[in-house]
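S.K.:
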Amino acid sequence: MANTTNDPCVILESARGFETLYLRDKLLSDSREIFLTGEVSAQSCGSLITQLMYLNRTEPDQEITLYINSPGGLVADGLAVYDVIRLLEAPVRTVCLGTCASMGAILFLAGKKREIMEHGRIMVHDPAFGGNHDIGGKKPHQIQSELDDLNRCREALARIISERTGKSLPEIYDITANDTYFSAQEAVEFGLATRILQKGGTI
Numbered sequence: 025m026a027n028t029t030n031d032p033c034v035i036l037e038s039a040r041g042f043e044t045l046y047l048r049d050k051l052l053s054d055s056r057e058i059f060l061t062g063e064v065s066a067q068s069c070g071s072l073i074t075q076l077m078y079l080n081r082t083e084p085d086q087e088i089t090l091y092i093n094s095p096g097g098l099v100a101d102g103l104a105v106y107d108v109i110r111l112l113e114a115p116v117r118t119v120c121l122g123t124c125a126s127m128g129a130i131l132f133l134a135g136k137k138r139e140i141m142e143h144g145r146i147m148v149h150d151p152a153f154g155g156n157h158d159i160g161g162k163k164p165h166q167i168q169s170e171l172d173d174l175n176r177c178r179e180a181l182a183r184i185i186s187e188r189t190g191k192s193l194p195e196i197y198d199i200t201a202n203d204t205y206f207s208a209q210e211a212v213e214f215g216l217a218t219r220i221l222q223k224g225g226t227i
């Protein structure tokens, strides 16, 4: 796992002198815990896929915990991680820390167990063109092609939410037409989360 200067670490003294111990690496190796804290991007998803595949190959019968606090991001990269999680032999438990929004919510739904903190929340909505998207100068058939692609993406995400919650597609399209936020209790009642983590629970 690549580290940056922003990764939390501790300095330990050993027989070999002082060593830097990156806490994410420690949690990965000792507890099979990994994190998505930030946007769903090519870089973050590449890192997640690497860690997931490593843990699956070392102990395919042991649970992996993925903690998520994400505003969402790139659909294609997020779906790559979703597909990997669903194909792993190792069971994956997802935990919502703070907010799982947009593609962050889809990744949360990939877990076999889907747990949410008491004050966590989940937001789902239809996909949209990115802020840098510009249709200026494009021909009608080009614009239509992009709209068709966006609608295919909308259908794929709606089907995931439907399959994981047990709700019908019309119900899902209704809630994803706008930004819809679920509190922890609402997320459990709707089927997005399987339980709320409270005092005395395991994190």
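Here the working numbering is used: the first residue of the sequence shown is 25, the next is one more, and so on.
Don't be surprised by glycine CBs; every beta carbon is placed ideally from N, CA and C.
Could you pull out every residue in the same chain whose Cβ sits closer than 7 Å to the Cβ of Val116, ignoring the five residues on either side in sequence?
M.R.: If we look at Val116 and ignore the five residues flanking it on each side, its Cβ neighbours are Ile88, Leu90, Ile109, Ala134, Gly135, Lys136.
S.K.: Identify the continuous beta strand (DSSP E) that holds Arg110 and give its terminal residues.
M.R.: Run containing Arg110: none in the beta strand (DSSP E); it sits in the alpha helix (DSSP H), 99–111.
S.K.: Buried or exposed: where does Ser169 fall if 16 or more other Cβ atoms within 10 Å of its Cβ makes it buried?
M.R.: With fewer than 16 other Cβ atoms within 10 Å, it is exposed.
S.K.: Could you tell me how far apart the beta carbons of Gly62 and Ser68 are, in whole angstroms, since I believe they sit closer than 8 Å?
M.R.: With a Cβ gap of about 6 Å, Gly62 and Ser68 count as contacting.
S.K.: Go ahead and label Asp101 buried or exposed: buried means 16 or more other beta carbons lie within 10 angstroms of its beta carbon, across all protein chains shown.
M.R.: By the 10 Å Cβ count, Asp101 comes out buried.
S.K.: Kindly indicate the opening and closing residues of the alpha helix (DSSP H) around Ser169.
M.R.: Segment 164–189, the alpha helix (DSSP H) holding Ser169.
S.K.: If I follow the unbroken beta strand (DSSP E) through Phe280, where does it start and stop?
M.R.: Residue 280 lies beyond the range of the chain shown here (25 to 227); nothing can be said about it.
S.K.: Ile220 to Gln166, Cα distance in whole Å?
M.R.: In a straight line, the C-alpha of Ile220 is about 45 Å away from that of Gln166.
S.K.: Would you kindly report the start and end of the unbroken beta strand (DSSP E) that includes Glu57?
M.R.: Per DSSP, Glu57 belongs to the beta strand (DSSP E) from 57–61.
S.K.: Can you tell me whether Thr118 is helix, strand or coil according to DSSP?
M.R.: Correct three-state label for Thr118: strand.
S.K.: Nearest to Thr189 by CA position, among Ala114, Asn175, Ala129, is which residue?
M.R.: Cα-wise, what sits closest to Thr189 is Ala129.
S.K.: Shortest alpha-carbon distance to Ala182 belongs to which of Ser207, Leu216, Val212?
M.R.: Ala182 has its Cα closest to that of Leu216, out of Ser207, Leu216, Val212.
S.K.: Identify, in the order they occur along the chain, each residue of the same chain with its Cβ nearer than 8 Å to the Cβ of Glu142, setting aside the five sequence neighbours on each side.
M.R.: Once the five neighbours on either side are set aside, the close Cβ partners of Glu142 are Ala208, Ile220, Leu221, Gln222.
S.K.: Taking Leu111 and Ala66 to be in contact with their CB atoms under 8 Å, please state how far apart those CB atoms are, rounded to whole angstroms.
M.R.: In fact, because the Cβ distance is near 20 Å, the residues do not count as touching under 8 Å.
S.K.: Comparing alpha-carbon positions, which option in Arg40, Leu174, Ala125, Pro194 lies nearest Asp203?
M.R.: Of the candidates Arg40, Leu174, Ala125, Pro194, the one whose C-alpha sits nearest the C-alpha of Asp203 is Ala125.
S.K.: Return the residue from the list Gln75, Val212, Ala39 that minimises the CA-CA distance to Ile146.
M.R.: When each option's Cα is compared against that of Ile146, the closest is Val212.
S.K.: What are the residues that DSSP puts in a beta bridge with Leu221?
M.R.: In the DSSP output, where bridge partners are listed per residue, Leu221 has Met141.
S.K.: Terminal residues of the continuous alpha helix (DSSP H) containing Leu193?
M.R.: Element bounds for Leu193: 193–200.
S.K.: Leaving out five residues before and five after Pro231 in sequence, what residues of the same chain have Cβ atoms less than 7 Å from its Cβ?
M.R.: The question about residue 231 has no answer, for the chain in this structure spans 25 to 227.
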